[in-house]
Amino acid sequence: TMSTSANRGAFIVFEGCDKSGKSTQCSLLVERLNRDGISAQLLKFPDRTTTIGKMIDSYLQQSCQLEDHSIHLLFAANRWEAMPKMNELLNSGVTLVVDRYSFSGVAFSSAKPELSMEWCREPERGLLRPDRVFYLTVGAEVASQRGDFGAERYEKKDFQAKVATMFDKLKDDSWTVINADKAVTELSNEIFEHAMNVINSAQTEKLGKLWL
Ligand code: Z5A
Ligand code: MG
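Anchor point for the sequence shown: position 95 equals 121 in full-length UniProt numbering, and the numbering is continuous, going up by one each time.
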């Protein structure tokens with residue numbers, strides 16, 4: 027008898043500095059994949075719709091204060107609570123395109139003076155590991171031309187520069203660095219090519235776990 031197990035979906039994460047176009051490119055990629063008959067779904071962290079996500083949202087909007095370790099754990103918990111659903115989708119063949127993940131979690135928290143990178147990684151350990159991270163880069167001048175910082179916490183130039191150095195420390199060979207300083211359509215075509223390679227090779231690879 028033939029095996030009926032379907033191919034799993036790929037787990038693709040977008041990271042990058044502020045205003046690098048992550049959200050724009052995530053949406054375009056999911057649209058394009060679905061148009062081409064590849065089942066794909068968009069997820070975003072933080073997921074502000076859950077109970078934990080609502081706490082994160084009010085922290086980011088500066089309507090409440092939370093202690094630095096405590097908010098870090100909430101961001102991580104917001105990913106853990108998504109694991110059952112993400113596992114199920116990937117194993118049923120759906121490709122997940124995820125706007126920010128644990129790398130943002132570690133980079134933003136460890137940019138704070140009192141939190142070490144090592145401590146920040148710990149609650150992320152064992153989460154599903156993405157097949158590939160697309161790291162979008164734009165220069166600070168380009169980013170600032172894409173609009174001013176809003177009123178959310180972390181939207182400050184000095185802090186964002188520290189975050190960028192943390193991302194550089196987290197980078198490994200599962201990251202593809204993509205120069206995002208180009209027109210939206212040109213960039214999305216380039217990303218689509220990368221994504222197809224990831225989707226094809228993920229089918230023969232087991233899903234891994236982060237930082238174990
Ligand atoms: N955070 C954390 O601390 N811990 C965690 O674990 C996680 C996150 C997951 C909220 O994130 C904050 O939470 C964030 C990190 C922290 N803090 N900060 N900063 P968010 O994902 O909600 O952040 P965001 O509001 O979506 O902003 P963003 O990610 O910086 O933007 P983007 O998604 O990279 O860019 P965009 O929205 O697609 O585009 C920005 C603008 O540029 C927009 O006007 C576009 O029309 C324009 N754009 C896009 N592409 C182009 C090109 N190619 N050319 C010209 N203009 C463009
Ligand atoms: Mg975004």
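From the three backbone atoms N, C-alpha and C, an ideal C-beta is built for every residue, glycine too.
Quick caveat: nothing in here was measured; it's all calculated off a predicted structure.
{"Item": "Check whether serine 128 and cysteine 146 have beta carbons under 7 angstroms apart", "Value": "no"}
{"Item": "Arginine 34, buried or exposed, once every other Cβ within 10 Å from all chains shown has been counted against 16", "Value": "buried"}
{"Item": "Contact test: serine 130 Cβ vs ligand 2 heavy atom, cutoff 6 angstroms", "Value": "no"}
{"Item": "Rounded straight-line distance, which links the Cα of alanine 66 to that of asparagine 60", "Value": "6 angstroms"}
{"Item": "For arginine 74 and glutamine 51, the rounded distance between their alpha carbons", "Value": "20 angstroms"}
{"Item": "Proximal residues to proline 156 (C-beta, below 6 angstroms), its chain only, five neighbours per side dropped", "Value": "Phe37, Val39"}
{"Item": "Through-space distance from lysine 182 to residue 239, alpha-carbon basis", "Value": "The question about residue 239 has no answer here: the residues shown for the chain are numbered 27 through 238."}
{"Item": "Selected residue, minimal CA-CA separation from alanine 206, among Leu115, Glu114, Pro149, Ala169", "Value": "Ala169"}
{"Item": "Cut-off 6 angstroms between Cβ atoms - residues of its own chain near leucine 92, not counting five sequence neighbours on either side", "Value": "Tyr85"}
{"Item": "Beta-carbon contacts of leucine 196 that lie in its chain and below 7 angstroms, excluding the five residues immediately before and after", "Value": "Phe129, Val132, Ala133"}
{"Item": "Sub-7 angstroms separation of leucine 162 and isoleucine 225 beta-carbons", "Value": "no"}
{"Item": "Under the three-state DSSP convention, the category tyrosine 85 falls into", "Value": "helix"}
{"Item": "Unbroken stretches of the alpha helix (DSSP H), 4 residues or longer, contained in the region 107-139", "Value": "109-117, 128-136"}
{"Item": "Rounded distance between the beta-carbons of phenylalanine 160 and arginine 105, thought under 8 angstroms", "Value": "No, arginine 105 and phenylalanine 160 are not in contact; Cβ-Cβ is about 18 angstroms, not under 8 angstroms."}
{"Item": "Local conformation of glycine 79 per DSSP, three classes", "Value": "helix"}
{"Item": "Distance between beta carbons of leucine 68 and serine 53, contact taken as under 8 angstroms", "Value": "6 angstroms"}
{"Item": "Exposure of arginine 151, with buried meaning 16 or more beta-carbon neighbours within 10 Å", "Value": "exposed"}
{"Item": "Lysine 111 versus tryptophan 201 - alpha carbon distance", "Value": "24 angstroms"}
{"Item": "Any alpha helix (DSSP H) of 4 or more consecutive residues that is wholly inside the region 142-191", "Value": "143-147, 166-171"}
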